[in-house]
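Q:
There are 2 protein chains.
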Amino acid sequence: MSDPGRRRAVPAGRSAPGEVTRERILDAALDTLRAEGFLGTTARSIARTGGFNQALVFYHFGSVDEVLLSAVERMSQRRLDTYRGRLAEAPDLPGIVAVAREVLAEDVQRGAITVLSQLVAGAHGRVEFSRRLAASFDPWIDLVDEAVQRVLAGTGLATVVPSRDVAVAMTGTFVGVELLGQLDPESGRVEALLATLDTTAGLLQGLLALFGSASSSPAAAEASEG
Amino acid sequence: MSDPGRRRAVPAGRSAPGEVTRERILDAALDTLRAEGFLGTTARSIARTGGFNQALVFYHFGSVDEVLLSAVERMSQRRLDTYRGRLAEAPDLPGIVAVAREVLAEDVQRGAITVLSQLVAGAHGRVEFSRRLAASFDPWIDLVDEAVQRVLAGTGLATVVPSRDVAVAMTGTFVGVELLGQLDPESGRVEALLATLDTTAGLLQGLLALFGSASSSPAAAEASEG
DNA sequence: GTCTATAATACGATAGAC
DNA sequence: GTCTATCGTATTATAGAC
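If you read the protein sequences in the order shown, they are chains G and B. Going by my numbering, the residue at position 19 of the first sequence is 19; the numbering climbs one at a time, nothing skipped. Going by my numbering, the residue at position 10 of the second sequence is 236; the numbering climbs one at a time, nothing skipped.
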């Protein structure tokens, strides 16, 4: 292994030697995943995309898997920061829905969901790869979970609805719909889903308001009996 | 191309020559997709799973893609028949939900969703493969669409909710959650989702009953304004 | 219809020159 | 740190014996 390992400290404002190349490799890896899918993302295709030599992938990351995981971890972290920032500024339900729709639309357009979907599919049956990939999904599910709990708070449904499962379902929905949407890009499935989110949000708002003002209504009681 | 092409007619009750092998290959293809994922499903691994020679895949189907598409089309058709039959016997809402949960649980357990998820992921960027795979999803979305419309009928929501988009979202959700669930099989995400379906169904029932008995309520009007 | 053998190609990864 | 060259191995697909 010729991993550069821990490097000397570098003057502030200056990049560590090779750091530029590392970033280029990560960028190229994401671009390739978006354009070619998991199957088409090899050390050679990544190098072709980024315009550098194939051997650099192994010099800097040791393996293709390590590049992909590093790339998705970096992407996930960056997007998560964006989400948290915007959500903090929109504490009520309409605000949360608006932010969620807005940032999810960005993710879809940037191809972030494509990257995640492709990696998830490619992770099949590979234990260590799956473990690390799952770890980069957890903070997202946590974030959705928090938002769901905030929305449910004071509606009388907080004890009935398992918010974590709902969060998993919502996260999974975007992965699945994006995958389905790419099967037939002409169909505009993803766009339809995003557009429908507004309608659904309006509906949900009305329903939750109903539950909020009558949290021990017959419907709620009936529902909790399951 | 050494495709056997159209074959002579065969006495009823008897299989056409090579038909047994064709079926074995399709079975092996699905088993391999379940066990190894899309990446691990090659002509050689399919042959290894089924205990036959690798060259037979090309003799009978011409290419690996053709085996996979034929296999999923056969599977989709068979499952669709099962769905339709059971749904016909359960015309009301509780019945529909029960059947849906039941048959979906079967699909998950048999690995049908895994097969679909893997193929969808592997189809990325391959136009003709995607087109045919999308075609085998359409009847499913149609079926879900019909069920959604039946549930919505008479609730006053039929004109507000775009049932087709909801159907796409529901279909996509199962694909996505299944993929996410396989990232960390220990987490029991898929099982949790299915278990939660009952609770959600109960809730939904209560909500729809509410809308049904007051289809021009303030909440409904507010929701339709978006 | 099923087999063996093989051609042509792509891959991950490494060695070693610079 | 980046390059060329290469090893070993996997793949799809085909040719041809049986």
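Where is the CB? At the ideal position from N, CA and C, for every residue including glycine.
Going by the CB atoms, is the gap between Val99 of chain G and Arg86 of chain G shorter than 7 Å?
A: yes
Q: Assess contact between the segment 299-309 of chain B and the segment 330-342 of chain B, defined as three or more Cβ pairs (one per stretch) separated by less than 8 Å. Is contact present?
A: yes
Q: Taking only three categories from DSSP, how would you classify Glu292 of chain B?
A: Secondary structure of Glu292 of chain B (DSSP, three-state): helix.
Q: Give me the residue from G:Ala135, G:Ser15, G:Ile25 with the minimum Cα distance to Gln54 of chain G.
A: G:Ile25
Q: For Leu194 of chain G, collect the residues of the same chain with a Cβ closer than 8 Å to its Cβ; drop the 5 residues on either side in sequence, then sort them by chain order.
A: Arg101, Leu104, Ala105, Val108
Q: Name the residues in the segment 117-145 of chain G whose C-beta lies less than 8 Å from a C-beta of chain B; which are they?
A: Ser117, Gln118, Val120, Ala121, Gly122, Ala123, His124, Gly125, Ser130, Arg131, Leu133, Ala134, Phe137
Q: Over what stretch of residues does the alpha helix (DSSP H) that includes Gln280 of chain B continue unbroken?
A: It is not in any alpha helix (DSSP H) - Gln280 of chain B carries neither H nor E in the DSSP assignment.
Q: Express the C-alpha separation of Leu39 of chain G and Ser289 of chain B in angstroms, rounding to a whole number.
A: 17 Å
Q: Name the chain B residues whose beta carbon is nearer than 8 Å to that of Asp184 of chain G?
A: Ser356, Arg357, Ala360
Q: Kindly indicate which three-state DSSP category Pro365 of chain B falls into: helix, strand or coil?
A: helix
Q: Tell me which same chain residues have a C-beta within less than 7 Å of the C-beta of Ile367 of chain B, skipping the five on either side of it?
A: Ala393, Val394, Thr397
Q: Indicate the three-state DSSP secondary structure (helix, strand or coil) for Thr200 of chain G in the structure shown.
A: helix
Q: Quick check on DSSP: helix, strand or coil for Ser216 of chain G?
A: Low confidence applies here, because Ser216 of chain G scores a pLDDT of 45, under 50, leaving its location unreliable and the question unanswered by this model.
Q: Between the segment 121-134 of chain G and the segment 272-279 of chain B, do three or more beta carbon pairs fall short of 8 Å?
A: no
Q: Out of curiosity, what's the CA-to-CA distance linking Ala445 of chain B and Leu436 of chain B?
A: Note on Ala445 of chain B: pLDDT 48, under 50, position unreliable in the model; no value is reported.
Q: Among the residues of its own chain, which have a CB less than 6 Å from the CB of Asp138 of chain G, if the five just before and after it don't count?
A: none
Q: Which runs of the alpha helix (DSSP H) spanning at least 4 residues fall entirely within the segment 353-427 of chain B, listed in chain order?
A: Within the segment 353-427 of chain B, the complete alpha helix (DSSP H) segments at least 4 residues long are 353-378, 389-409, listed from N- to C-terminus.
Q: Roughly how many angstroms separate the alpha carbons of Val416 of chain B and Gly263 of chain B, rounded to a whole number?
A: 18 Å
Q: Hey, how far is the Cα of Ala12 of chain G from the Cα of Gly18 of chain G?
A: Approximately 15 Å, taken between the alpha carbons.
Q: Using a Cβ-Cβ cut-off of less than 9 Å, list which residues of the segment 418-430 of chain B approach chain G; keep chain order.
A: Ala418, Leu419, Ala421, Thr422, Asp424, Thr425, Thr426, Ala427, Gly428, Leu429, Leu430
Q: Determine, using beta carbons only, whether Ala297 of chain B and Ala255 of chain B come nearer to each other than 7 Å.
A: yes
Q: I'd like to know if Thr267 of chain B contacts chain G, where contact means its C-beta is closer than 7 Å to some C-beta of that chain.
A: no
Q: I'd like to know if Thr399 of chain B contacts chain G, where contact means its C-beta is closer than 7 Å to some C-beta of that chain.
A: Output row for Thr399 of chain B: interface = yes.
Q: Between the Cα of Gln182 of chain G and those of B:Ala338, B:Ala347, B:Val293, spot the shortest distance and give me the residue it belongs to.
A: B:Ala347
Q: Whole-angstrom Cβ separation of Leu406 of chain B and Val148 of chain G, contact assumed at under 8 Å?
A: That belief does not hold up - the Cβ atoms of Leu406 of chain B and Val148 of chain G are roughly 16 Å apart, past 8 Å.
Q: Kindly list the residues whose CB is nearer than 8 Å to the CB of Ala316 of chain B, restricted to its own chain and excluding five residues on each side of it in sequence; keep chain order.
A: Ile322, Ala324, Val325
Q: Taking 7 Å as the limit between beta carbons, can you name the residues of its chain near Asp145 of chain G, skipping five residues before and five after?
A: Ser163, Arg164, Ala167
Q: Closest to Ala360 of chain B by C-alpha separation, out of G:Gly188, G:Gly206, G:Thr41, G:Leu152, would be which residue?
A: G:Gly188
Q: Under 7 Å between C-beta atoms, does Val177 of chain G make it to chain B?
A: yes
Q: Between Leu406 of chain B and chain G, is any beta-carbon pair separated by less than 7 Å?
A: For Leu406 of chain B, the answer is yes, since a Cβ of chain G falls inside 7 Å of its Cβ.
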